[in-house]
Every structure is written in structure tokens, then in C-alpha cells.
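Q: Dropping a structure here in C-alpha cells format, bear with me for questions.
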């Protein structure tokens with residue numbers, strides 16, 4: 002059997018024709034007597050049996066035990082310990098302990114460096130190698146024309162006292178001793194340790210000093226130039242050069258070294274071909290990569306390397322999948338039987354999982370389930386279910402569950418999968434280690450910035466196609482602190498474009514972390530449902546490919562669109578007759594269609610399907626500048642968890658600048674003071690009129706403006722419309738009421754320019770959609786404040802209703818869940834109190850009338866069917882601004898709420914920082930919606946504020962005001978009455 006042949010010890014010994022330090026050619030009898038001393042010893046090879054069966058705990062114990070009997074020269078471990086350390090590293094690697102694995106690989110390679118010259122002591126015999134009998138290749142034949150060589154299992158090495166050390170330190174020079182050494186295994190382990198170290202470190206390897214030391218040592222070549230062992234050194238050095246980032250030199254060395262004389266393979270040939278496959282794939286040379294991978298798997302059979310058989314076959318199969326014909330990679334079927342017959346449990350499990358993956362991606366759910374069953378059987382009770390293969394098995398189980406329509410099982414199994422996959426993820430390990438090394442000064446800021454740009458990049462099409470499980474894991478794992486470290490590096494460089502880009506990535510990641518599948522499902526929803534105008538050319542092509550691959554999903558999407566069209570033609574609140582029956586039928590059909598589509602969409606989300614993140618858009622500095630109109634400017638703030646705050650100003654004149662906002666603690670305190678100075682002590686407090694007649698807030702607002710905007714008067718010169726992208730505590734700051742110093746004296750910022758806000762820079766500029774004219778206006782009638790009268794709110798609701806021909810006022814729950822009918826609304830105005838849940842910032846109901854019911858939450862609204870009201874007004878929204886700004890002031894509840902509403906497809910939001918209720922609040926809404934059909938949202942909102950500020954205040958209609966008299970009457974110009982609401986979104 003295969004495992005038995007691993008431990009077979011050959012009696013072949015190589016007689017030396019070259020003496021070393023006076024050693025003569027040993028007699029044959031002497032060599033035979035030394036056979037039992039060959040290293041690594043037999044116990045080492047016995048440990049491969051549990052290793053190949055996936056029992057990594059037992060294998061680790063056995064490799065460690067074998068290492069305890071390794072040679073110790075008195076000056077430390079000898080080269081046989083390279084094998085023990087490497088294979089202990091392999092056990093840790095397979096079990097998901099990447100840090101311990103890396104420690105062992107490093108130890109193996111450092112030992113190689115410390116024992117430099119060990120190969121020069123080999124008793125080399127200059128004879129030509131001859132072909133050895135080839136093993137049957139079940140999934141062959143090879144097209145390379147190379148044959149396995151009769152590579153000697155053992156060579157003799159002379160070991161004695163280090164003469165130079167004795168000369169320095171004193172002592173006795175002992176005569177050298179001959180040891181039989183399994184050179185091929187030692188050299189294989191050196192190459193494997195170098196390769197696996199690169200696998201774990203990825204791009205970080207090129208920045209770690211040991212990598213260069215390894216390459217330097219291997220390049221020293223301690224054997225004669227024309228000896229065939231040079232081919233093995235070429236392979237080792239090629240792998241080391243690949244880790245160092247010199248791909249061209251790596252490929253040259255690997256091509257030269259992978260076969261002796263171009264016709265004979267050797268023990269490192271499988272690893273050489275595997276590495277050549279990696280290098281070709283990196284250059285997107287798919288045919289060449291697949292050929293190298295396939296050849297590596299066959300060469301590995303001859304040299305009993307099942308780990309390379311597995312890696313080569315699976316990589317070749319993935320490239321086969323990229324051709325998108327849905328067929329089975331035939332060699333996998335043959336290889337699975339071979340692995341089972343040889344009791345290679347891990348290899349068999351891996352191949353069955355590859356077959357399951359191909360079947361699942363091709364939509365053959367029944368076949369996929371069958372292969373998963375075979376994989377589970379092959380794993381048995383070993384450690385494989387907790388290995389990387391166990392995580393992959395659970396991931397495919399989740400995909401198959403979604404394909405079978407079982408969303409609950411799919412969701413649970415995916416979480417189980419990721420709990421295993423997380424410890425095996427090289428990408429997550431690299432990201433964390435890069436961060437640690439940078440913080441400990443082990444990496445320069447330049448190197449760390451380069452690495453972060455690679456490790457934290459937006460997923461590419463190739464990423465999704467080659468390993469969707471790993472990409473999804475990375476996207477679903479929170480890593481804001483590391484993104485912030487990258488941001489700080491760019492701030493040090495004073496690079497506005499990179500500062501803006503990384504700042505946007507941080508905000509998107511925060512939002513995506515609140516969503517199922519880390520924003521992946523949201524990307525697919527927008528790709529399927531968003532209007533064509535929103536999509537760029539790449540997204541349009543992806544939409545077509547998605548529809549072609551999942552025709553049922555495309556059909557359901559069209560069906561949902563038809564049903565939503567039907568609903569817009571029916572009353573919002575049908576009460577009887579045919580309309581009620583049609584409404585009930587359409588909403589139930591839409592509910593079923595949306596649920597079915599979501600299940601299909603989740604199966605696509607787990608598959609190798611590229612999907613750009615349409616929302617929120619990630620725009621470069623140049624793309625933003627093009628979208629800004631004349632006189633517009635965007636002011637983007639980026640706050641970090643360490644209290645830093647950076648500003649970036651982008652103008653339509655293609656000018657930009659960035660500055661740090663200093664004294665963030667003082668700014669936070671000033672915002673708290675400002676809120677209290679204008680009356681925001683408690684959300685339910687009724688204010689004495691004299692509180693709203695003082696003007697202490699003006700000095701504080703002037704200080705705040707100069708604090709957050711560097712050289713504010715000059716910086717804001719020439720701007721007539723400012724788009725603010727707040728972050729952190731600045732979400733609570735009404736920029737409209739800040740005092741700007743002008744030549745005519747202090748002025749409110751709202752008097753100098755129109756102001757609106759956006760949760761991200763990409764959501765602050767137009768996305769290409771024309772202004773919506775379809776749909777109804779829905780006004781939810783509730784109460785903003787306990788002292789507010791029914792007459793006041795009813796009058797306001799009816800006025801808003803009378804403005805728009807297709808309007809309805811709702812006082813009770815609709816027959817259907819709002820998630821399914823809201824996409825057909827043009828305007829949603831919620832005159833009702835909105836309480837948030839701090840633990841779950843997306844759990845509140847935008848429409849309120851079905852709060853707490855399934856399908857009513859903002860999280861639910863982000864699901865299918867795609868779409869939301871074009872404009873949403875929420876004058877009853879609570880933020881920390883209204884209660885004296887107690888507790889944590891992260892601004893996250895406002896950011897996530899606005900991002901969540903815009904993720905439904907909404908373009909403009911009126912959101913209250915604090916509720917005033919009463920006539921002034923209703924007038925702001927009425928005037929805004931009165932002119933909205935004819936004007937852009939921004940000038941409509943500015944006009945609304947100006948009209949309310951200039952109106953006479955009626956104390957009897959303001960429920961949060963008391964004690965007003967003729968001589969103590971606040972003005973409607975006081976910011977308490979008009980600065981509480983903010984316009985958010987694109988225009």
C-alpha cells in the first residue's frame with residue numbers, strides 16, 4: 002500500500018570517490034553497517050501514516066518524538082531536524098495554527114542557514130542518474146516526456162569537529178564520522194518549508210529579513226557546479242525567489258531545475274511544477290498554469306507526495322471551472338478512487354470536496370450532496386473536520402442548502418464553516434501580522450502601506466472566481482482597526498486621494514459588517530434590480546452573466562418588477578372589492594417571489610460569481626470632481642477609533658486639500674455645549690422660552706467652524722453648495738448654524754451656501770438615475786411629541802396629502818408588510834416618533850406602522866425586492882443630539898441609518914437630529930415637499946429653511962416650548978426650530 006511504501010527503507014548507499022579531510026572511500030561493508038543510522042530515522046516516516054489520514058494530533062506527537070532522537074552535534078541540532086520541524090509545521094498548518102506552523106518553518110530554514118556547508122560534506126559520486134520504474138498514473142499520461150530518476154535514497158555525510166571553532170575557542174579536533182543521510186527528503190523539506198512559509202506570509206514574505214537570508218544561503222551552492230544535486234538547489238532557490246517577489250528569476254530557476262538534464266524527475270520536481278503553476282496563474286496564463294498543476298500531481302505520485310497530488314489536482318480543477326462549461330474535471334474521479342484505495346484519507350476527502358464544488362457551482366445539487374457524503378465518510382473521526390477541508394466542506398454544505406431552498410440551514414452552516422475557516426485563512430493572518438509588524442516597527446510605513454493596499458483591496462473578479470469562500474470570509478470579518486492603520490499611513494504621506502479612498506473603504510466596511518454576507522448580497526441585489534443608469538459597463542456585463550448563469554433568478558426579478566408595477570396602480574390602502582383582492586394577490590405573490598429570489602441570490606453569493614459593489618459607490622478623487630457641479634464642494638471627514646479626525650475638501654474646480662482636525666476632544670466638548678446652549682438637554686424636555694432667547698450658541702458655533710475647517714473663510718470662498726460627509730461626533734453638528742466670518746460680519750453658513758449631507762462621498766453625488774415621477778406619496782400619521790395636538794398633526798398630514806395627487810395618509814397597519822410595497826412609493830413622510838435599538842442599528846422600522854413585525858425593519862427593507870421610496874422624511878428620528886449628547890458619541894447610529902435607507906434605493910432623506918414637533922417642524926416638511934417636484938432637493942430644502950426662519954413663531958403650536966410671553970418670545974430664526982433636520986443623500 003501507499004503508506005507502507007512511505008516507510009520502506011532502501012539499502013542503496015552512494016560510495017564516495019572524493020575524500021574529505023583525509024577520509025578514504027568507505028568499504029561496502031562499512032556503508033552497510035551504517036544503514037541503521039540513516040537520518041531522518043524510520044520513526045519519522047512512520048509519522049506520515051496518521052498525517053496522511055488526517056490525524057494531525059497523533060502525527061504531530063510522532064514527528065516531535067522522532068525529532069527527539071535527531072542528531073545533536075554538541076553545537077545544536079543537525080540538518081535532519083529540518084525534516085522534523087517542517088513536518089511539525091505541516092501538522093500545525095493543517096490544523097489551522099498558522100503562527101505555530103510559521104515558527105516551525107522558520108526554525109527549519111534557520112537551521113539550514115546555521116548548518117551551511119552541510120552539502121559540501123556529502124560523499125558525492127559523479128555518476129549519471131538513470132530512469133527508475135514509473136508508477137502507474139491513473140489520471141495520466143504526462144505530456145512532459147520526463148521519467149522518474151533512480152534517485153539515491155541515502156548519501157554519506159562526514160561530520161566532525163568544526164576546525165575554525167576549535168581554533169577560536171580551543172578544544173580537541175575529533176576525527177570526522179560518516180552518517181547516512183536521506184538527502185532527498187531533507188532537500189524536499191527545505192523546499193516545502195520555503196514554499197509553505199510563502200503560502201502563509203503571502204506578499205509579506207518579501208518584506209521579512211529571513212526571506213532574503215534564505216535566498217542568499219541557497220544561492221551559495223555548496224556542491225560542484227555540474228553535479229545533478231544542483232537541479233534540486235535550483236528548485237529550492239526558485240521557491241525562495243518567488244517568496245522574495247522575484248517572479249521572473251524564480252520561473253527561470255524552476256524551469257532549469259525541475260528535471261535533471263531535461264528528462265529525469267527528482268524528489269523536488271512535484272514542488273517545482275506546483276510553484277510554476279502558481280507563477281503562471283499570477284500572470285493569468287491559465288493554460289500554462291493548469292498544465293503545470295496537472296503535471297505536478299502526476300510527478301507527485303512517483304515520489305509519494307500526496308499533499309502535492311491534492312494541491313496540484315485541485316488547482317487544475319479550479320482552472321477548469323474558470324472555463325465555465327460546467328463539466329466535471331475527469332481526473333478528479335479517477336484520483337478519488339486512487340486516494341481511497343491507498344488509504345490517503347486527506348487526499349480522498351479533498352478530491353471529493355473538489356467534485357462537490359464543481360457539481361454545486363454547476364447547479365447539480367444532488368451530485369454535490371453525494372460527493373459531500375463521500376467526503377464526510379473519508380474524513381471519518383480524524384482531525385479533518387476541523388482542518389481547512391472541514392471548513393470547505395461546511396461552506397459547500399451551506400451552498401447546497403441554499404440551492405435546495407433551505408435558507409435557515411444555509412445560514413447556520415455558513416457560520417459554522419467560517420468559524421473553522423477563520424483560523425486557516427492565510428489572508429487574515431497576513432493582515433493581522435502586517436499590522437503587528439508595523440506597530441512594532443518591524444515594517445516601514447512604505448512597506449506597510451504597500452501591503453495594506455494589497456491585503457485590504459476591493460475583491461477583484463479573479464478573486465471571486467478563484468476562491469469565493471476565502472473572499473467572503475475576509476469580507477465578513479471586521480477589520481476596521483487595520484484599515485485605520487492604513488489610513489494613518491496615508492495621512493503621514495499627505496496623499497489626499499489615498500486618504501479619501503481608504504476613508505471611504507472604512508465607512509463601507511462598517512456598513513457592510515452590519516449586513517448579511519458582508520455586503521455581498523447587497524451587491525447582487527443592486528446588480529439585479531437597480532436601474533441601468535446606475536450601473537457602469539462592467540456591472541452591466543456582470544448583470545447579463547448573472548442572468549445567464551441563474552435564469553431562474555432573472556425570471557424572479559422580472560416577475561417582482563411586474564408585481565410592483567401592479568401594486569403602484571392599486572390604492573396604497575385598499576379596503577374592499579376587487580382592488581383589495583388584487584392587492585392581496587399581488588402582495589402575496591411578491592412575498593413568495595422575493596423569498597425565492599433571496600434564496601437563489603444567496604446561492605449565487607457563495608458561488609464564484611463576480612459582482613462589483615454598486616452601492617455605496619467607491620469613487621476616486623477624479624471621479625468625484627467630474628460629478629460635482631460648478632460651485633459645489635464636498636467636505637469629507639474621516640474619524641478613527643483612536644480619536645483622530647481628517648478632512649478632505651474636493652471642489653468642482655478640480656482642486657482639493659486635506660488637513661487634520663486638531664483638538665478632537667475639545668471639538669466634542671464644544672458640540673455638547675452647543676447642543677445644550679440651543680436647548681437640547683433631554684429628548685422629552687419642554688423648554689422655557691428664555692432658554693431660546695439667549696445667543697450664547699453663536700460664539701461656540703464660530704469656534705467650531707474654525708476648529709473643523711482650516712482657515713474657514715478662505716477655504717469656503719466661492720462655494721455655493723456644500724456637501725458634508727460627516728464622521729464620528731460630527732454627525733451631531735448642524736453645519737447650517739455655524740458662524741462664518743465674512744467682510745460683512747459673522748454669518749450663518751446656511752446664509753452663504755446650501756448644505757446637505759451624505760453617509761459616504763459616493764452617495765453624495767448623482768448616480769445617473771433621472772428624477773422619479775412615478776409612485777405614491779405615503780404620509781404616516783402619528784405623533785412626534787407627547788404634547789403635540791391631534792389637530793396640528795392631522796392638519797399637517799392633510800396639507801402634505803393635498804400637495805400631491807397620488808397621496809394617502811396612513812394611521813394603521815397596511816394589509817401587507819411594508820418591505821414589499823415601499824419600493825412603489827415615491828415619497829414616504831413619517832410623522833411619528835422613531836426609537837432606535839443601540840444593539841441593532843438597522844432594526845428600526847422606516848415606516849413605523851408595522852414596527853416589530855417581520856419584514857418591517859430597515860434591515861428587511863434592504864432585501865429584495867430592490868427599491869425604496871425616492872425621498873424619505875423622518876422628522877421623529879432620535880439621535881444623541883437631543884439628550885445632551887450623553888453616552889458614546891460615535892455617530893454610528895446616524896451613519897448606519899442613513900446608509901441603510903440609501904441602500905434600499907432611496908436618494909434623499911430628511912432626518913432629524915432632534916425632534917421639535919409642532920408647527921415649525923411641519924412647515925419645514927410642507928415647504929420642502931411643495932417645491933420638490935420642480936426643484937432639486939438641495940435648493941428646495943434651503944428655501945424651506947429660509948421661509949420657516951423668517952416666519953413669526955406661534956408659541957401655542959410649538960409643544961416643546963413653554964413660558965413664552967410678549968417680552969420673552971423666541972424667534973423662529975433660533976436654530977432649535979430649524980437646524981434639527983438634515984438633508985442627506987444625492988441631489
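Residue numbers (our numbering): 2 to 988.
All C-beta atoms, glycine included, are put in the ideal place defined by N, C-alpha and C.
So, is residue 71 buried or exposed, given that buried needs 16 or more other C-beta atoms within 10 angstroms?
A: Along the chain shown, read from residue 1 onward, the residue named residue 71 stands at position 70. Counting Cβ neighbours within 10 Å, residue 71 comes out buried, since at least 16 surround it.
Q: Spatial neighbours of residue 703 within its chain, please: C-beta separation below 6 Å, excluding the five flanking residues on both sides.
A: Position 702 of the chain shown, counting from 1, holds the residue named residue 703. 740, listed in sequence order.
Q: Is the segment 679-692 touching the segment 659-666 in the sense that three or more CB pairs, one from each, lie closer than 8 Å?
A: As far as the Cβ criterion goes, the segment 659-666 does not touch the segment 679-692, which means the pair count is below three.
Q: Taking the alpha carbon of residue 673 as the reference point, which residue from 962, 389, 884 and 55 has its own alpha carbon closest?
A: Here the question's residue 673 lines up with position 672 in the chain shown. Nearest option by C-alpha distance: 884.
Q: Thinking just about the alpha-carbon of each residue, which of 253, 109, 880 and 865 is nearest to the one in residue 522?
A: Taking the chain shown and counting its residues from 1, one reaches residue 522 at position 521. The option with the nearest alpha carbon to residue 522 is 865.
Q: By the 10 Å Cβ neighbour count, where 16 or more other Cβ atoms means buried, how is residue 393 classified, buried or exposed?
A: The residue labelled residue 393 in the question sits at position 392 within the chain shown. So residue 393 ends up on the buried side.
Q: Would you mind working out which of 340, 426 and 856 sits nearest residue 815, comparing C-alpha positions?
A: Counting from 1 along the chain shown, the entry for residue 815 is found at position 814. Out of 340, 426 and 856, 856 has the C-alpha closest to the C-alpha of residue 815.
Q: From residue 762 to residue 635, what distance separates their C-alpha atoms?
A: Your numbering for residue 762 matches position 761 in the chain shown. Your numbering for residue 635 matches position 634 in the chain shown. Taking the straight line joining both Cα atoms gives about 8 Å.
Q: Taking the alpha carbon of residue 265 as the point to measure from, which residue in 290, 304 and 666 has its own alpha carbon closest?
A: The residue you call residue 265 lines up with position 264 of the chain shown. Per the Cα distances, 304.
Q: Roughly how many angstroms lie between the CA atoms of residue 587 and residue 425, to the nearest whole one?
A: Within the chain shown, residue 587 is the residue found at index 586, counting from 1. Within the chain shown, residue 425 is the residue found at index 424, counting from 1. Taking the straight line joining both Cα atoms gives about 47 Å.
Q: Using DSSP with H/G/I as helix, E/B as strand and the rest coil, what is residue 285?
A: If you number the chain shown from 1, residue 285 lands on position 284. If DSSP states are grouped into helix, strand and coil, residue 285 belongs with coil.
Q: Since residue 780 sits in a beta bridge, which residues does DSSP pair it with?
A: By one-based count along the chain shown, residue 780 stands at place 779. Residue 780 has 810 and 830 as its beta-bridge partners, per DSSP.
Q: For residue 826 versus residue 847, is the C-beta distance shorter than 8 Å?
A: Working through the chain shown from its first residue, we reach residue 826 at position 825. Working through the chain shown from its first residue, we reach residue 847 at position 846. Going by C-beta atoms, residue 826 is not nearer than 8 Å to residue 847.
Q: In chain order, what residues of the same chain lie with their CB nearer than 7 Å to the CB of residue 713, ignoring the 5 residues before and after it?
A: Indexing the chain shown from 1 puts residue 713 at position 712. Result list for residue 713: 706, 707 and 741, in chain order.
Q: Since I believe residue 296 is in contact with residue 315 (beta carbons under 8 Å), could you give me their beta-carbon distance rounded to a whole number of angstroms?
A: The residue labelled residue 315 in the question sits at position 314 within the chain shown. The residue labelled residue 296 in the question sits at position 295 within the chain shown. About 14 Å; that fails the 8 Å criterion.
Q: How about the segment 436-450 and the segment 471-487: do they share at least three Cβ pairs that are nearer than 8 Å?
A: yes
Q: Would the beta-carbon of residue 909 fall within 8 Å of that of residue 872?
A: Here residue 909 is taken as the residue at index 908 of the chain shown, counted from 1. Here residue 872 is taken as the residue at index 871 of the chain shown, counted from 1. Result yes, Cβ atoms of residue 909 and residue 872 sit closer than 8 Å.
Q: Identify, in the order they occur along the chain, each residue of the same chain with its Cβ nearer than 7 Å to the Cβ of residue 574, setting aside the five sequence neighbours on each side.
A: Mapped onto the chain shown, residue 574 falls at position 573. Excluding residues within five positions, the ones whose Cβ falls inside 7 Å are 809, 811 and 815.
Q: May I ask you to list the residues that DSSP assigns as paired with residue 482?
A: As a position in the chain shown, residue 482 is number 481, starting the count at 1. Note: residue 482 sits in no beta bridge, so no partner.
Q: Give the list of continuous beta strand (DSSP E) stretches no shorter than 3 residues that lie fully inside the segment 747-796.
A: 755-758 and 777-782
Q: Work out the CA separation of residue 608 and residue 984 for me, nearest whole Å.
A: The residue labelled residue 984 in the question sits at position 983 within the chain shown. The residue labelled residue 608 in the question sits at position 607 within the chain shown. Cα-Cα distance, rounded: 39 Å.
Q: What does residue 182 pair with, by DSSP beta-bridge criteria?
A: Residue numbering aside, residue 182 sits at position 181 when the chain shown is read from its first letter. Per DSSP, 40 and 156.
Q: What residue ranges within the segment 449-511 form continuous alpha helix (DSSP H) runs of no fewer than 4 residues, ordered along the chain?
A: Contiguous alpha helix (DSSP H) elements confined to the segment 449-511 occur at 462-467, 469-477 and 481-494, taking only those with 4 or more residues.
Q: Cα separation between residue 435 and residue 444?
A: Translated into positions along the chain shown, residue 435 becomes position 434. Translated into positions along the chain shown, residue 444 becomes position 443. Rounded to whole angstroms, residue 435 to residue 444 spans 8 Å at the Cα level.
Q: What is the rounded straight-line gap between the Cα of residue 280 and the Cα of residue 252?
A: As a working mapping, residue 280 is identified with position 279 in the chain shown. As a working mapping, residue 252 is identified with position 251 in the chain shown. Going by the C-alpha atoms only, they are around 7 Å apart.
Q: From 968, 615 and 794, pick the residue whose C-alpha is nearest to that of residue 768; which is it?
A: Counting from one through the chain shown, the residue named residue 768 turns up at place 767. Ranking 968, 615 and 794 by Cα distance to residue 768 puts 615 first.
Q: Please list, in chain order, all residues of the same chain as residue 31 whose beta carbon is under 7 Å from its beta carbon, the five residues on each side excluded.
A: Within the chain shown, residue 31 is the residue found at index 30, counting from 1. With a pLDDT of only 44 at residue 31, under 50, the local geometry of the prediction cannot be trusted, and the value read off the model is given with reservation. If we look at residue 31 and ignore the five residues flanking it on each side, it has no Cβ neighbours.
Q: Indicate the three-state DSSP secondary structure (helix, strand or coil) for residue 647 in the structure shown.
A: Numbered from its first residue, the chain shown carries residue 647 at position 646. In this structure, residue 647 counts as strand in the three-state DSSP scheme.
Q: Using the rule of at least 16 other Cβ atoms within 10 Å of the residue's Cβ for burial, across every protein chain shown, is residue 221 buried or exposed?
A: In the chain shown, the residue the question calls residue 221 occupies position 220. Residue 221 should be labelled exposed.
Q: Please report the straight-line C-alpha distance between residue 201 and residue 916, rounded to a whole angstrom.
A: Taking the chain shown and counting its residues from 1, the one referred to as residue 201 is at position 200. Taking the chain shown and counting its residues from 1, the one referred to as residue 916 is at position 915. Distance between the alpha carbons of residue 201 and residue 916: 53 Å.
Q: In chain order, what residues of the same chain lie with their CB nearer than 6 Å to the CB of residue 868, ignoring the 5 residues before and after it?
A: Indexing the chain shown from 1 puts residue 868 at position 867. Once the five neighbours on either side are set aside, the close Cβ partners of residue 868 are 824 and 906.
Q: Would you decide whether residue 334 is buried or exposed? Buried here means 16 or more other CB atoms lie within 10 Å of its CB.
A: Indexing the chain shown from 1 puts residue 334 at position 333. Classification for residue 334: exposed.
Q: Taking 6 Å as the limit between beta carbons, can you name the residues of its chain near residue 969, skipping five residues before and five after?
A: Counting from 1 along the chain shown, the entry for residue 969 is found at position 968. Cβ within range, chain order: 690 and 691.
Q: Can you list, in chain order, the residues of its chain whose CB lies under 6 Å from that of residue 23, leaving out five sequence neighbours each side?
A: Against the chain shown, residue 23 aligns to sequence position 22. Caution is warranted here: a pLDDT of 27 is assigned to residue 23, below 50, making its placement in the model unreliable, and the coordinate value is therefore given only provisionally. Contacts found: none.
Q: Report yes if the CB atom of residue 195 is closer than 8 Å to the CB atom of residue 244, and no otherwise.
A: Along the chain shown, one-based indexing puts residue 195 at 194. Along the chain shown, one-based indexing puts residue 244 at 243. Yes, Cβ-Cβ distance for residue 195 and residue 244 is below 8 Å.
Q: Which same chain residues, not among the five before or five after residue 42, have their C-beta less than 7 Å away from its C-beta?
A: Along the chain shown, read from residue 1 onward, the residue named residue 42 stands at position 41. Cβ neighbours of residue 42 beyond the five flanking positions: 67 and 70.
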